[in-house]
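Residue numbers (our numbering): 3 to 105. C-beta atoms are modelled at their ideal positions from N, C-alpha and C, and glycine is treated no differently.
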């Protein structure tokens with residue numbers, strides 16, 4: 003089992019309410035409908051556990067994927083992911099996409 007982790011802030015002018023409504027009604031249903039996606043959750047970052055200042059990101063997404071190679075090689079190029087990614091990029095400012103493996 004692998005994971006894809008996204009870290010990002012919202013673009014200027016994008017409201018938290020509009021983005022989170024899109025996540026609940028469009029993003030999560032579409033991505034959770036893909037066979038290789040075992041779990042997909044979006045988290046609003048609310049603060050730092052330790053230290054001072056503001057967190058470096060506003061949101062984190064975690065996808066648990068049973069076949070990373072299949073997801074990146076087939077699903078990423080598919081209509082569902084391409085449509086969602088196009089919409090997502092209208093909300094997210096410089097997202098960082100991380101590939102991770104469970105140890």
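Top-ranked residue by Cα proximity to residue i, from the options
i	options	result
residue 94	69, 103, 17, 49	17
residue 102	91, 71, 60, 84	71
residue 20	104, 100, 89, 99	89
residue 85	61, 22, 104, 32	32
residue 14	55, 91, 100	91
residue 26	47, 12, 11, 43	43
Under the three-state DSSP convention, the category residue i falls into
i	result
residue 77	helix
residue 87	helix
residue 17	coil
residue 56	coil
residue 72	helix
Distance CB(residue i)-CB(residue j) smaller than 7 Å
i	j	result
residue 73	residue 38	yes
residue 51	residue 57	no
residue 3	residue 68	yes
residue 62	residue 45	yes
residue 59	residue 10	yes
Paired residues, beta bridge with residue i - DSSP
i	result
residue 66	5, 41
residue 46	61
residue 95	11
residue 100	7
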